[in-house]
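**Q** Sequential numbering from 301 applies to the sequence shown in this note's numbering.
Ideal placement from N, C-alpha and C gives every residue a C-beta, glycine not left out.
Before we start, here is the structure in question, set down as structure tokens.
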Amino acid sequence: MLPYATIEEAESAVGRGLTLAETLWFRYSAAKSDYFLYCHNILFLFLVFNLVPIPLAFAELTRSLGLDQYKIQPKVRLSLAEMWKCYKDVNRMFFLVVGPLQLVSYPSVKMIGIRTGLPLPSRWEIVSQLVVYFLVEDYTNYWIHRFLHSKWGYEKIHSVHHEFAAPIGYAAPYAHWAEVLILGIPSFLGPALAPGHMVTFWLWIALRQIEAIETHSGYDLPWTPTKYIPFYGGAEYHDYHHYVGGQSQSNFASVFTYCDFIYGTDKGYQYHKKVLGKLKGMNGGTGTGLSGGKSDPSCDEVKND
């Protein structure tokens, strides 16, 4: 809740006239509690998960929109029943775990100093903080993900997420309830280290979910803007990790590729790319997806030892 009764009071406190964005923020948030504003995260997560994967889910079911050529595992098609089960299970997890966790985690948000007042952050502040959040989350997630591929971690927890060897957007948050809780830690570390405005926090939560949906989409779309982000993994990179499955000791990173490169956990993937390149040359340049390039995924991982 803002400590100003009028825009004039807010402008006096800020020491200048409010921008259009700040005026809109004042009108929306002035009489709302900080807790109510924080709980918008629940709505944003729900909307992003339910709406963003729709076009690719439609393409998967109908083989329309001309996207077949970008399908990473072209031989695998999920049925409507399989997709519906995934959608229901994730929404059940949302209402039983994610939503309640958001509701009770507000004290920690206040403790680290995420603010809701004026002035709003500049574009530079928002972008720089988001970069920090993505880097911190990616590095922390990398090591948690590696732990989840230990024998105990995979059998007890992470195998649920790998039920989709050819992932789809709706499967991005499909996981064991314990994994959902554990992976909430990397998402919170960035804002804890570099706390900003609630608007930045909203953007972070939404963008991280959108990124996860993209990397689990099953389609390597050439026009996606993320192609221009340095060291960004993307759908093909993470799809390989799902394709290999429980045997995978490659491509643990959630967003970028530098951790896998530094710690040598991209060797199976690089070997796989080399083999596919040779096959394409032998076939006259015709493309093959993951499932079209080899029959035994474990052969890639032998090269990763």
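Whole angstroms is fine: what's the gap from Leu570's alpha carbon to Leu367's?
**A** Taking the sequence shown and counting its residues from 1, the one referred to as residue 570 is at position 270. Taking the sequence shown and counting its residues from 1, the one referred to as residue 367 is at position 67. The amino acid at residue 570 is misidentified as Leu; the sequence shows Gln. Between Gln570 and Leu367, the C-alpha separation is close to 25 Å.
**Q** Can you check which of these residues, Phe336, Tyr433 and Tyr454, is closest to Ala494 by C-alpha distance?
**A** Here residue 494 refers to the residue found at position 194 of the sequence shown. Among Phe336, Tyr433 and Tyr454, the Cα nearest to that of Ala494 belongs to Tyr433.
**Q** Can you tell me which of Tyr442, Arg377, Tyr558 and Phe344 puts its alpha carbon nearest to the alpha carbon of Phe464?
**A** Reading the sequence shown from its first residue, position 164 is the one you call residue 464. Among Tyr442, Arg377, Tyr558 and Phe344, the Cα nearest to that of Phe464 belongs to Arg377.
**Q** Using a Cβ-Cβ cut-off of 8 Å (strictly less than) and excluding sequence neighbours within five positions of Leu329, which residues of its own chain qualify?
**A** On the sequence shown, residue 329 is found 29 positions in, with the first residue counted as 1. A quick correction: the sequence has Ser, not Leu, at residue 329. The residues are Met301, Leu302, Leu337 and Thr416.
**Q** Measure the C-alpha to C-alpha separation of Thr362 and Val555 and round it to an integer number of angstroms.
**A** Translated into the one-based positions of the sequence shown, residue 362 becomes position 62. Translated into the one-based positions of the sequence shown, residue 555 becomes position 255. Roughly 29 Å between the two C-alpha positions.
**Q** Using DSSP with H/G/I as helix, E/B as strand and the rest coil, what is Phe395?
**A** Working through the sequence shown from its first residue, we reach residue 395 at position 95. DSSP, reduced to helix, strand and coil, places Phe395 within a helical segment of the structure shown.
**Q** Less than 8 Å separating the beta-carbons of Ile444 and Pro473?
**A** Residue mapping note: residue 444 aligns to position 144 of the sequence shown, counting from 1. Residue mapping note: residue 473 aligns to position 173 of the sequence shown, counting from 1. Contact flag unset, no.
**Q** Taking the alpha carbon of Phe501 as the reference point, which residue from Leu324, Ser333, Cys339 and Glu322 has its own alpha carbon closest?
**A** Here residue 501 is taken as the residue at index 201 of the sequence shown, counted from 1. That would be Cys339, whose Cα lies nearest to the Cα of Phe501.
**Q** Within the same chain, show all residues whose beta-carbon is closer than 6 Å to that of Ile426, passing over the 5 residues directly before and after it, in chain order.
**A** Within the sequence shown, the letter at position 126 stands for residue 426. Around Ile426: Thr500.
**Q** When the Cα of Lys385 is compared with those of Glu514, Thr306, Ala471 and Tyr439, which residue comes out closest?
**A** Reading the sequence shown from its first residue, position 85 is the one you call residue 385. Of Glu514, Thr306, Ala471 and Tyr439, the residue nearest in Cα terms is Ala471.
**Q** If we call anything under 8 Å between Cβ atoms a contact, is Tyr543 one with Thr557?
**A** Here residue 543 is taken as the residue at index 243 of the sequence shown, counted from 1. Here residue 557 is taken as the residue at index 257 of the sequence shown, counted from 1. No, the pair does not count as a contact, with Cβ atoms beyond the cut-off.
**Q** Using the beta-carbon count (16 or more within 10 Å), is Asp605 buried or exposed?
**A** Numbered from its first residue, the sequence shown carries residue 605 at position 305. Residue confidence is low: Asp605 scores 42 on pLDDT, short of 50, so the model does not pin down where it sits. Its coordinate-derived value is still stated next. Label assigned to Asp605: exposed.
**Q** Mind checking which residues open and close the alpha helix (DSSP H) that includes Ser329?
**A** Sequence index remark: in the sequence shown, residue 329 carries index 29 (1-based). Start and end: Leu320 to Ser329.
**Q** Using the Cα positions of Tyr563 and Arg446, report the straight-line distance between them to the nearest angstrom.
**A** The residue given as residue 563 occupies position 263 in the sequence shown. The residue given as residue 446 occupies position 146 in the sequence shown. The alpha-carbon atoms of Tyr563 and Arg446 are separated by roughly 11 Å.
**Q** So Val397 and Val480 are in contact, right, with Cβ under 8 Å, and what is the actual spacing, rounded?
**A** The residue labelled residue 397 in the question sits at position 97 within the sequence shown. The residue labelled residue 480 in the question sits at position 180 within the sequence shown. Sure, about 5 Å apart at Cβ, within 8 Å.
**Q** Measuring only the C-alpha atoms, how far is Ala305 from Lys332?
**A** Here residue 305 corresponds to residue number 5 of the sequence shown, with the count starting at 1. Here residue 332 corresponds to residue number 32 of the sequence shown, with the count starting at 1. The alpha-carbon atoms of Ala305 and Lys332 are separated by roughly 12 Å.
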